[in-house]
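Trainee: Line by line, the protein sequences are chains A and B. First residue of the first sequence: 1, per the working numbering; consecutive thereafter. First residue of the second sequence: 1001, per the working numbering; consecutive thereafter. Before I ask anything, let me first share the structure, which is written out below as structure tokens.
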Amino acid sequence: MKSVEPIDKADMIYPELGEDEIVVPNIRKNILLHATETHYFPLDFRMRNVVIDSLARKYDQTIDQYPDPDDADERLLIGSSACRQRHRLDCPYMRKVDERLSESDVAEENIAAIHLLGADNSEYNRQKFLIVAKDGIYLRDQTNRIDHYDYADIRFTFDGIELLPETNFERAGDFVLRYPLDEKFMTFAQEFLLLRLTTISIAGERHPFADAAVKFRKEYLSLIVDTAAAEGKLDVETLIRIEYLARELRISAIELETYLHAAGEGGFDNQSVRKNFNRLIADMPREHEKFVLFQDLLEAAIGIDDSVRRKPAVDAIKRAAGEKFVANYIDHIKQRRRTETSLYRSIQALDYKTLSPAFSNAWHMLRLAQLYNNDINLKLMDVGVLANEK
Amino acid sequence: MDIDSRPTTTRFQKFFMRFTDAGGETKYYQCESFDPDGAGLGNIRLPFNFDKFNPERALVRFYAEYDANDTIDDYEFFKYIALGEEYVDPESVSEFARRKRNSNMFRGLSKDFFLSDPDDTKDFPKISYCDITEKDMFGYPEIPSSLLFSNTCGIWTMHGFRKFEITIEGLPEEKDYSDLTQKACLYWHQINGIDIVPVFEEEIRCVKSSLKTPERKYHVYIDTNKLGAALEDNDIAEHAPEFMGRFEIHNTYASTHENVVFSFPIKICVRDTRLRDGENPLLDDNVVSLDFGTSSTCAAIKAKGKDRLFSLSGNYKLNKDSKDNAYENPTNLMIYNWGEVFNQWQSANENCPFFLTKIDGYIDDKNADYDSGYTVEDEYQTVGEGEVSRRKMASIITQLKMIPSLLAKGNELKFTPYFGEKGDAAKPVILTDSLADEDNTNQKFNPIAFYGYLLSRAINNPANEKFYKTYQISYPVKFNKKTIGESIRQSLEYGIRRALPKTLRDAVDEEGMPLIKVQMDYPEPIACAGAIVGKQLKLDDDETPQMFAIFDLGGGTVDFAFGMFRAALDSDDTDDELIIENFGTDGDETAGGEKLIHQLAYKIYCDNQDTMVENRIKFVLPEGEFVPGGYEGLLSERGDDIANSNVYMLKENLARTLFKYNPADYDGLSADNCLEELFKGESEDEVKFLSDGMVRFPSLRSADGSPVEGLELTVTGIDDFIEDQIRDIIEKFKTTMELNFTRNIEAIHEAGLDDFNADDVHIFLGGNASRQHFVHEIMTQTFPVNADRNYIERIGEGLNDERLDDMYKVNEKTAVAFGQLRLGLFGYKNAGAKIGEDERPPFQFNVVYIDPRNDNPVKVIEKNNVETAWRAAGKVSKETKKTELWYTKDPVIDRNTLIPLSASVAKFVKDPKKMTLYVRVHTEDTIEFRIGSRREAPSNDEPVNEAMILKLND
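Here it is, written out as structure tokens:
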């Protein structure tokens, strides 16, 4: 296993500044086209519009699904693109929201979802709304003021939005908003929070194909993304797993964005799925390596609701590995996820103040559990390989 | 309203241009607006004139509000938009007009929106770059970009940082530089055409004077460690991959809220220094031969088939009119900026230290960190009075090679850097020969290690395309190889390793042995022999053995070597066909060119005793001299700053010139008669001839530090003095030659010769100081038959092709360095080491006692003795109960050079009637003693009593 020396440590002792020299500040962002983030995975990747839209797609809350003015349905838009296109709506309530926003300093490019709170039919502009944005929530409720809250300060509940005691002791338990938010909006908000708050660990584990050729790695990830997202049902856990996989395979954020974008446009046709799949396994000399692909694809194909996405990909695995393997592994995924969810929930219910800092990161715990499970998987695979070889 | 004149309300936020020039390089240019009100770009400034700017391909992109953008990849259409229809092919005008009309973005766009440079010779700014690391360190030529990109040169990974100078020419002139904020970056984004995570360089500086000009110079420090990590991270297996990168300048204008970016391509070849199976194409198996001399150092390697020398002073440092030989590097150091030198040199810095050398017109006193070589010697010429001169003298370290032996004798050696730590006055720094000492405090410095680093850095650098793993250092005969020699070897080895890439410093070969070997196998005169055997000393067809003697008069010591060059015998246990047999080496560390010059300066000082005393001129006694009367404390053995300064002045301005004088250059006149020619005194700082035997000396320092100018000094008897000194040395040479050859008479017989005849010996003159004309003259007088037979030659005579550069020439000084390279061609037999049954090395001293009958010295044990029989050695003093012996390393016993050996033996005196001292050889520098009666010597079979050992020190 190769070791990569950390190259960030400052071990250079540069000569002292000459009398005739000045230090020119170094610039790393906004460098021009060709070199921008070719392999650079910036921390703001998850807040990019294409990523948010990938998650938002399954909620079907774009301008096409927006209710008519007379409808009683909740008025909401989910997704950056959907919010950006709202000016195309013929909705008086949304226009009031726009009017109010134009007087504020809410950055348009940060808006991820808009939930109108009721319908203001008055001649004034008293339209209440809630915005989920990249930098927090914006709420106009009882007054004309638009209040901003960081995600760290609040909690979404079915009754509304509550202030967290850890951050606001005096007002702990207070609701900043009492309104039964739409379920889809709530679910999206939870996913959005998870997207923002999940800390990703350093890509230290070595995916078996981390050392493969660049072209192979790109095709590999592209197929995984297609499987997970092409049917518009990408969930946040799968998205995070895909992001982690991209880091492990050293594929750039830009590249991953193009795959997400392509998936959003419908992805590969069935024939292409089969072709890509076959091409990948043809490049794998060892039998047990193929099972790495099968497992990764199945992980991507099984939604959190246990639904099976992307049938062409699953069928391809069945042909290669057998129906029994697929059925067993899907079963395994479902059970493992239940265990992880239970673990997560139990961790969430703990009183953080009595725990050491290491435990306060629930996702870190979850990640440890995942690592443990991965190790078990690898061991099982090894056992299987040995058994077969004998 | 006419559709063409409908105003566009488009506000351009950004303009981006990518083009490929005639050289195939892709450059970018971008203007972007950060106006908070969203007003967009007021206009687009183009840094070229369309008459001159003619790209191969160009793509232009305009960004308007609401993320809209439009791309033009047709350069002609762009010109139409920017300049109007007069500047494009008339046949395209109607098409372009239609396109423009139909474009939301460009319709109504006035050509006044674009401002190009009015100067019609103005092209897009150009980039040029070169590597100036070794230029700044040694004055070598910079490595141009063409070589940086070549896979035979390039730069090396894991080699610390490399200093690049990047020049951007043709940037637009700014109306108001105070409005401008500049940032820059250099990053690598491709290896062999494959995209990688951008690797950013951390340190970019701009030359201040160029900041507000259209031609800007940047210094970028390329981190080769990061490049090495990038190779590993991206699985690059090739040894010499190409790195593509970009250098960008970002100019932000506060008043207009605009940002302008220029982006240029940079490409280099990066040579991977990792070992694979113990191999690397950069590794050269040839030996680097180092002659680390007292006054000068030579380094030779076999490169491209021909042995050549290295210089520590590149073209930028050397005075072109000077006759100095660039390859005989004066062994000296001058430390200007101690804070910076220590900062780089401390062992906590794992990368190759970087130092700026002084280069006239380029790096001055204030910016230099160190200096070495002829430019330091030149400082002596300009020394006058004043604080600056005094500080310069104090910051110079010379005779580095002598430091370990001086330290071993208990001397404390110091120097005072020209500048101390930032803001502080310079404090003295103690010299050490230890490697551990240096780290504890920044007040200790190992100059030999430092010098070794400079040598290695000069040799192992990308412009030379190779790095070397085997280094051979010669050692002077008179040095104790195990202590002093080893100290020098270790220090040089440390310095040599530090100059190599990190991957190699501690690497091991397949057998687990260190890959980098620094060896000290050959004494200097034998290394000299390597230069002459087979070239000046040849075997005839009948392969008659040839006897040789080397007389190596160097700066600090004189070394002799005696031996035989012959064909291998059956009895030789070797596969070599030719053998160099070393019959013995000897020498005198009290002699040497530098010491002779010091003695000459001292003679002049003494000849002008009245003047010196009257003016309270202090001086340092040469080694071995006793303090004469009448100088009222002005003379001392160690001397203070003032005394040392006066020594330097007299040596460098007067004595050295006289010593180097050659009558052949002045119609055969002696030095005494040629003062007028030698000392023209064209400036006030120079010595000036006054009349026969009188000169005016520019300046010396009085005991209170004040300058004493224009002293009139008597300068006479120079030739006689030098002649006498050299004659003494040659007498010792002759005596030692006879001793060594006769001692090895059996080997001579075995080789097929009947007997030893001194007339048959080929004598070779080596060492810098043997160029003194008396050496050859007196040698000819001493060995007249040999001279008649042309057996007395200077090393290198007739060997060199005069058409070739000095770097290939063998001469008295460079012989050791070249000779070591050739020794591997021959078998080497060190007869001197294998004497006696137990193969102990021969005894190094003559031990005598003074016969009370006639006050003459009586030899007790002879030099080179290996017998172990007891010898009577006079009496133990009845009063003091101490031995009364004397000893010397000289082959010739001279009362003035005898060292007393007065050891207390009181506890061994049992019987007052038995006070005779007996001694026998124990090791090469110790003797064992007994006390007995004059009638009966102790038994030779007596076992050794460790309590009765006396050590003889150098």
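Heads up, the beta-carbon is just placed ideally off N, CA and C, and yes, glycines get one too.
(1) Taking the alpha helix (DSSP H) that residue 1167 of chain B belongs to, which residues open and close that run?
(2) What is the rounded straight-line gap between the Cα of residue 1471 of chain B and the Cα of residue 1300 of chain B?
(3) I'd like the span of the beta strand (DSSP E) that includes residue 220 of chain A, first residue to last.
(4) For a contact defined as C-beta to C-beta under 8 Å, what are the partners of residue 1185 of chain B on chain A?
(5) Evaluate residue 1895 of chain B with the Cβ neighbour count: other Cβ atoms within 10 Å of its Cβ, from every protein chain shown; 16 or more gives buried, anything less gives exposed.
(6) Could you check if residue 1241 of chain B is buried or exposed, using at least 16 other CB atoms within 10 Å of its CB as the buried criterion?
(7) Quick one: what's residue 1203 of chain B bridged to in DSSP?
(8) Along the stretch 1025-1036 of chain B, what residues have a CB closer than 7 Å to any CB found in chain A?
(9) For the stretch 1284-1296 of chain B against the stretch 1541-1557 of chain B, are there 3 or more C-beta pairs whose distance is under 8 Å?
(10) When you check each C-beta in the stretch 219-247 of chain A against every C-beta of chain B, which residues fall closer than 7 Å?
(11) Tell me whether the beta-carbon of residue 1449 of chain B lies closer than 8 Å to the beta-carbon of residue 1491 of chain B.
(12) Can you find at least 3 beta carbon pairs, one from the stretch 1484-1503 of chain B and one from the stretch 1263-1276 of chain B, that sit closer than 8 Å?
(13) By how many angstroms is the C-alpha of residue 1566 of chain B removed from the C-alpha of residue 1751 of chain B?
(14) Any beta carbon from chain A within less than 8 Å of residue 1209 of chain B's own beta carbon?
(15) Does the beta-carbon of residue 137 of chain A have 16 or more other beta-carbons within 10 angstroms, so that it is buried, or is it exposed?
(16) Within the same chain, show all residues whose beta-carbon is closer than 7 Å to that of residue 1594 of chain B, passing over the 5 residues directly before and after it, in chain order.
(17) Do residue 1050 of chain B and residue 1087 of chain B have their C-beta atoms within less than 8 Å of each other?
(18) When you compare the stretch 251-264 of chain A with the stretch 295-309 of chain A, are there three or more beta-carbon pairs, one atom per stretch, that lie closer than 8 Å?
(19) Look up residue 1589 of chain B in the DSSP assignment and say whether it is helix, strand or coil.
(20) With DSSP as the reference, label residue 1936 of chain B as helix, strand or coil.
(21) Answer with buried or exposed for residue 986 of chain B, where buried requires no fewer than 16 other C-beta atoms within 10 angstroms of its C-beta.
(22) Residues bridged to residue 1184 of chain B by DSSP?
(23) Any beta carbon of chain B sitting closer than 8 Å to that of residue 289 of chain A?
(24) Can you tell me the Cα-Cα spacing of residue 409 of chain A and residue 284 of chain A, whole angstroms?
(25) How many Å lie between residue 1028 of chain B and residue 1015 of chain B at the Cα?
(26) Quick one, which residues of the stretch 1257-1277 of chain B are near chain A if we go by CB-CB under 7 Å, in chain order?
(27) Starting from the beta carbon of residue 1344 of chain B, find every residue of chain A whose beta carbon is closer than 9 Å, and list them in chain order.
(28) When you compare the CB of residue 51 of chain A with every CB in chain B, is at least one pair closer than 8 Å?
(29) Going by C-alpha to C-alpha distance, which of A:303, A:309, A:278 and A:305 sits closest to residue 320 of chain A?
(30) Report the residue from B:1863, B:1322, B:1526 and B:1889 whose alpha carbon sits nearest the alpha carbon of residue 1377 of chain B.
(31) Between residue 1132 of chain B and residue 1249 of chain B, how many whole angstroms is the CB-CB distance? I'm expecting something under 8 Å.
(32) Relative to the alpha-carbon of residue 1189 of chain B, which residue among B:1182, B:1174, B:1260 and B:1268 has its alpha-carbon at the smallest distance?
(33) Between residue 1206 of chain B and chain A, is any beta-carbon pair separated by less than 8 Å?
(34) Could you tell me the alpha carbon to alpha carbon distance between residue 1337 of chain B and residue 1368 of chain B, rounded to whole angstroms?
(35) Can you say whether residue 1734 of chain B is buried or exposed, counting buried as having 16 or more other CB atoms within 10 angstroms of its CB?
(36) Can you check DSSP and say which residues form a bridge with residue 1674 of chain B?
Mentor: Let's see:
(1) For residue 1167 of chain B, no alpha helix (DSSP H) encloses it; the enclosing beta strand (DSSP E) starts and ends at 1161-1169.
(2) Going by the C-alpha atoms only, they are around 10 Å apart.
(3) Counting along the chain, no beta strand (DSSP E) covers residue 220 of chain A; the unbroken alpha helix (DSSP H) around it starts and ends at 214-229.
(4) Within chain A, the residues whose beta carbon sits less than 8 Å from that of residue 1185 of chain B are 26, 27, 28 and 31, listed in sequence order.
(5) Per the 10 Å Cβ criterion, exposed.
(6) Counting C-beta atoms within 10 angstroms of its own C-beta, residue 1241 of chain B has 16 or more neighbours from the protein chains shown and is therefore classed as buried.
(7) Bridge partners of residue 1203 of chain B: B:1221.
(8) Residues passing the 7 Å Cβ filter: 1028 and 1030.
(9) Because the criterion of three Cβ pairs below 8 Å is met, the stretch 1284-1296 of chain B and the stretch 1541-1557 of chain B touch.
(10) If the cut-off is 7 Å between Cβ atoms, the stretch 219-247 of chain A has nothing near chain B.
(11) Contact flag set, yes.
(12) Touching, per the Cβ criterion.
(13) Their Cα atoms are separated by approximately 8 Å.
(14) Judged by the 8 Å Cβ criterion, residue 1209 of chain B is in contact with chain A.
(15) Buried.
(16) Spatial neighbours of residue 1594 of chain B in its own chain (CB-CB distance under 7 Å, excluding positions within 5 residues in sequence) are listed in chain order as 1294, 1295, 1399, 1555 and 1556.
(17) Yes, Cβ-Cβ distance for residue 1050 of chain B and residue 1087 of chain B is below 8 Å.
(18) Output reads no: the stretch 295-309 of chain A does not touch the stretch 251-264 of chain A.
(19) Here residue 1589 of chain B sits in coil by DSSP.
(20) Reduced to three states, the DSSP call for residue 1936 of chain B is strand.
(21) Outside the shown range of chain B, which is 1001 to 1954, sits residue 986 of chain B, and nothing can be said about it.
(22) Answer is A:26 and B:1249, bridged to residue 1184 of chain B.
(23) So, not an interface residue.
(24) Chain A is shown from 1 up to 390; residue 409 of chain A falls before or after that span and cannot be answered.
(25) Note on geometry: alpha-carbon atoms of residue 1028 of chain B and residue 1015 of chain B lie some 11 Å from one another.
(26) Within the stretch 1257-1277 of chain B, the residues whose Cβ lies closer than 7 Å to some Cβ of chain A are 1261 and 1263, listed in chain order.
(27) Within 9 Å Cβ-Cβ: 13 and 15.
(28) Cβ-Cβ to chain B under 8 Å: no for residue 51 of chain A.
(29) Minimum Cα distance to residue 320 of chain A is reached at A:278.
(30) If we check each option's Cα against that of residue 1377 of chain B, B:1322 comes out closest.
(31) Contact annotation, residue 1132 of chain B with residue 1249 of chain B: C-beta distance approximately 20 Å; criterion of less than 8 Å not satisfied.
(32) That would be B:1268, whose Cα lies nearest to the Cα of residue 1189 of chain B.
(33) Taking a beta-carbon distance threshold of 8 Å, residue 1206 of chain B counts as an interface residue toward chain A.
(34) Going from the Cα of residue 1337 of chain B to the Cα of residue 1368 of chain B covers about 7 Å.
(35) Buried, since its Cβ has 16 or more Cβ neighbours within 10 Å.
(36) Residue 1674 of chain B pairs with nothing; no bridge assigned.
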